Ligand code: AMP
């Protein structure tokens, strides 16, 4: 391959000779039919990658490795919650995936059908994802921490033929039943799937509905010797949808292709992660998030690595649990989020010295800003490179980082790094749409089309929303907005300065404040509510709600406030899941609004963070904001 050791020219080539560059990267995966055209951008902003090529994600993640590493570890499923360890070689994974594929087919799943996966971090979740890829079905994983109403919205949007779930997850040693939430979601949803496949872990009783609900163990036993060939699909065939929060209450189904995604991930394993087949990758994320898709399941397996799937907290049974996994399974690559590191930082540092973790080469952190004290602490503790990387559910792989597989580059505290090859990153002045070319100017981080392979093709069944949401926010130009503020220094290092919209980031999890507001507003005592993200030392941000009640006497005294707060929290837990629960609910008389009635979330956030809310002249009634400031003290 005509690769240069110099990152700058590698990057330039990815932009200036885009098709040649990506044609080379496409050789990192196996195709049934090679692509005829590398990028079709005839209808911007819709990009089609590797047109005419046919391939299969499961073939590339599993089957292709049978030739050289059938007996090597592929999937290491560990749970400190149930104290179990299951290790599958590529050959065993291949078998399990075929069993799952056969079961899904028996339940009526065909190419192009959706399968919704609502599961804890267990091996069967990986089998289900890979089985879908194998038969050309489109999976849609919903994070297990989401509750019934969030799940119902996603079921209605995805219209899955089948749902794969489990009796329960477990957190902090306590079982978290999934089936009752799933049943409630299925009641709520106008769309009803034909089949539900349940994995019974023996953690919680399940009420099985005759004709609809099926037991995985029973069906698996019927398909022990199943041989289900990979279905060769077009490169542009959707591999999955993954819902993410935006500025409206309705989550967006990010739709990803097959060939572009496979190539993008395989290339990232080489150029970003410096991966080699036979090594072991441990990402502490969850399959419900994009990191789980790209760097628990597909990326490491595409590279022929073993991947660790871990159910449990970083602190249980003690704060050494991650490092014991690293030592035991000789983990070489680790991927986590700053918030988890901040949790560990509060624990006894002796845990870091308890195990021999000299096998670990690099720790990548993503999902939220990496603050300097956290980066410094973990870098001192581990004595290995800590690499920040910035991306989104929409892109599927990093936009900004240091591509040390191409050229080693020094990191800079506070910066996730430089633009990654393939991403034509620009900084744009929000109001004029002009590009900011001087160093250290603050603008919206935007990406010139076409987006590179692996990024979202569209919003599931809503091309218009894809174009309107992402490509039309900058006046006068068709350019993809990340909705993040950023600056770039004179050496091309970017710094991310927070969101431009109402999306918040709690412990690396992206949540739309509107969704939480809609849920709280559904409580009969609440007249109006605003939710904002407030800085938090451990979680990065937490949600804080400001509610106006219908009857002020209900919150007159402390007992009344406490009771209503608890009721609202319970409602959020029950409908959206504990992940969305606000840290506090403050009851206020009025919310700050503009004269046109628009909620001023940014001013509210400033006050909640004890910052200057800035210009109050646009506020209809500045007294509303001042009263909240006084209340917060
Ligand atoms: P998600 O789609 O859930 O991965 O969230 C993406 C958002 O998380 C981005 O738009 C950023 O606001 C934030 N984010 C992700 N990674 C980083 C990072 N390394 N530094 C700063 N912010 C980040």
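Residue numbers (our numbering): 24 to 656.
Glycine residues also receive a C-beta, built at the ideal position from the N, C-alpha and C atoms.
Predicted, not measured: the structure shown is a model, and the values here were computed from it.
Can you list, in chain order, the residues of its chain whose CB lies under 8 Å from that of residue 655, leaving out five sequence neighbours each side? As a position in the chain shown, residue 655 is number 632, starting the count at 1. Closer than 8 Å at the Cβ level, and outside the excluded window around residue 655, lie 609, 630, 631 and 633.
In whole angstroms, give me the CA-to-CA distance for residue 26 and residue 306. Within the chain shown, the letter at position 3 stands for residue 26. Within the chain shown, the letter at position 283 stands for residue 306. Reliability fails at residue 26, whose pLDDT of 44 lies under 50, so the model's placement of it is uncertain and no value is given.
Kindly indicate the opening and closing residues of the beta strand (DSSP E) around residue 62. Here residue 62 corresponds to residue number 39 of the chain shown, with the count starting at 1. Segment 60-66, the beta strand (DSSP E) holding residue 62.
Touching by the beta-carbon criterion (3+ pairs, under 8 Å), the stretch 218-235 and the stretch 259-272: no
Hey, would you say the C-beta of residue 533 is under 8 Å away from at least one heavy atom of the ligand AMP? Within the chain shown, residue 533 is the residue found at index 510, counting from 1. Yes.
Any heavy atom of the ligand AMP closer than 8 Å to the beta-carbon of residue 388? For the purposes of this step, residue 388 is identified with residue 365 of the chain shown, where counting begins at 1. Yes - the ligand AMP has a heavy atom lying nearer than 8 Å to the Cβ of residue 388.
Whole-angstrom distance between residue 348 and residue 369, CA atom to CA atom: Here the question's residue 369 lines up with position 346 in the chain shown. Here the question's residue 348 lines up with position 325 in the chain shown. Going by the C-alpha atoms only, they are around 20 Å apart.
Say yes only if the C-beta of residue 451 is nearer than 8 Å to one or more non-hydrogen atoms of the ligand AMP, and no if none qualify. In the chain shown, counting from the first residue as 1, residue 451 sits at position 428. No, the ligand AMP has no heavy atom inside 8 Å of this Cβ.
Is the number of C-beta pairs between the stretch 400-411 and the stretch 368-388 that are closer than 8 Å three or more? yes
Quick check: the stretch 429-441 against the stretch 454-461, are at least 3 beta-carbon pairs closer than 8 Å? No, the stretch 454-461 does not touch the stretch 429-441.
With 16 as the cutoff for other CB atoms within 10 Å, does residue 136 come out buried or exposed? On the chain shown, position 113 is the one that residue 136 refers to. By the neighbour-count rule (16 or more Cβ atoms within 10 Å), residue 136 is buried.
With DSSP as the reference, label residue 25 as helix, strand or coil. The count along the chain shown starts at 1 and reaches residue 25 at position 2. The predicted position of residue 25 is uncertain, since its pLDDT is 42 and thus under 50; a value taken from the coordinates is nonetheless stated next. Here residue 25 sits in coil by DSSP.
What do you reckon, is the C-beta of residue 519 under 8 Å from a heavy atom of the ligand AMP? By one-based count along the chain shown, residue 519 stands at place 496. True, at least one ligand heavy atom lies under 8 Å from that Cβ.
Is residue 557 near the ligand AMP, judged by its Cβ being under 8 Å from some heavy atom? In the chain shown, residue 557 corresponds to position 534, counting from 1. Answer for residue 557: no, Cβ out of range of the ligand AMP.
Indicate the three-state DSSP secondary structure (helix, strand or coil) for residue 427 in the structure shown. Residue 427 sits at position 404 when you count from the first residue of the chain shown. It is coil, neither helix nor strand.
In terms of DSSP beta bridges, what is residue 266 paired with? Position 243 of the chain shown holds residue 266. Partner(s): 276.
Just checking residue 610 against the ligand AMP - is the residue's beta carbon closer than 8 Å to any of the ligand's heavy atoms? Counting from 1 along the chain shown, the entry for residue 610 is found at position 587. No, the ligand AMP has no heavy atom inside 8 Å of this Cβ.
In this structure, does DSSP put residue 548 in helix, strand or coil? Within the chain shown, the letter at position 525 stands for residue 548. If DSSP states are grouped into helix, strand and coil, residue 548 belongs with coil.
Whole angstroms is fine: what's the gap from residue 24's alpha carbon to residue 431's? Reading the chain shown from its first residue, position 1 is the one you call residue 24. Reading the chain shown from its first residue, position 408 is the one you call residue 431. Low confidence applies to residue 24: its pLDDT is 42, below 50, so where it sits in the model is not reliable enough to give any reading.
Under 9 Å between the Cβ atoms of residue 132 and residue 242? Working through the chain shown from its first residue, we reach residue 132 at position 109. Working through the chain shown from its first residue, we reach residue 242 at position 219. In this structure, residue 242 does not lie closer than 9 Å to residue 132 by Cβ.
What three-state label does DSSP hand residue 358 in the structure shown? Locating residue 358 in the chain shown gives position 335, counting from the first residue. It is a strand residue.
Classify residue 338 as helix, strand or coil using the three-state DSSP reduction. Taking the chain shown and counting its residues from 1, one reaches residue 338 at position 315. Of the three classes helix, strand and coil, the one that applies to residue 338 here is coil, per DSSP.
Helix or strand or just coil, what does DSSP make of residue 214? Within the chain shown, residue 214 is the residue found at index 191, counting from 1. Residue 214: coil per DSSP, three-state reduction.
Please say whether residue 32 and residue 475 have beta carbons closer to each other than 9 Å? In the chain shown, the residue the question calls residue 475 occupies position 452. In the chain shown, the residue the question calls residue 32 occupies position 9. No, these two residues do not count as a Cβ contact at 9 Å.
Who are the near neighbours of residue 194 in its chain, counting only those whose CB is closer than 8 Å to its CB and skipping five residues on each side? In the chain shown, the residue the question calls residue 194 occupies position 171. If the five residues before and after residue 194 are omitted, its C-beta is found closer than 8 Å to the C-beta atoms of 104 and 336, all from its own chain and listed in chain order.
Reduced DSSP category for residue 367 - H, G, I as helix; E, B as strand; rest coil: Against the chain shown, residue 367 aligns to sequence position 344. The answer is helix: DSSP assigns residue 367 an H, G or I state.
Helix, strand or coil at residue 616 according to DSSP, with G and I counted as helix: Locating residue 616 in the chain shown gives position 593, counting from the first residue. Looking at residue 616 - three-state DSSP - the assignment turns out to be strand.
What ranges does the alpha helix (DSSP H) occupy inside the stretch 210-261, keeping only unbroken runs of at least 4 residues that lie completely in it? 239-245
What are the partner residues of residue 559, as DSSP defines its beta bridges? Mapped onto the chain shown, residue 559 falls at position 536. Answer is 563, bridged to residue 559.
Who pairs with residue 72 in a beta bridge, going by DSSP? Along the chain shown, read from residue 1 onward, the residue named residue 72 stands at position 49. In the DSSP assignment, residue 72 forms a beta bridge with 62.
Could you tell me whether the stretch 441-450 touches the stretch 511-524, using the rule of 3 or more Cβ pairs below 8 Å? yes
Local conformation of residue 328 per DSSP, three classes: Translated into positions along the chain shown, residue 328 becomes position 305. Of the three classes helix, strand and coil, the one that applies to residue 328 here is coil, per DSSP.
Return helix, strand or coil for residue 581, following the three-state DSSP convention. As a working note, residue 581 is residue 558 in the chain shown. The answer is helix: DSSP assigns residue 581 an H, G or I state.
Check each candidate in 166, 180 and 185 and name the one with the smallest Cα separation from residue 201. Here residue 201 refers to the residue found at position 178 of the chain shown. It is 166 whose Cα lies nearest to the Cα of residue 201.
According to the Cβ coordinates, are residue 492 and residue 275 closer than 9 Å? The residue you call residue 492 lines up with position 469 of the chain shown. The residue you call residue 275 lines up with position 252 of the chain shown. Yes.
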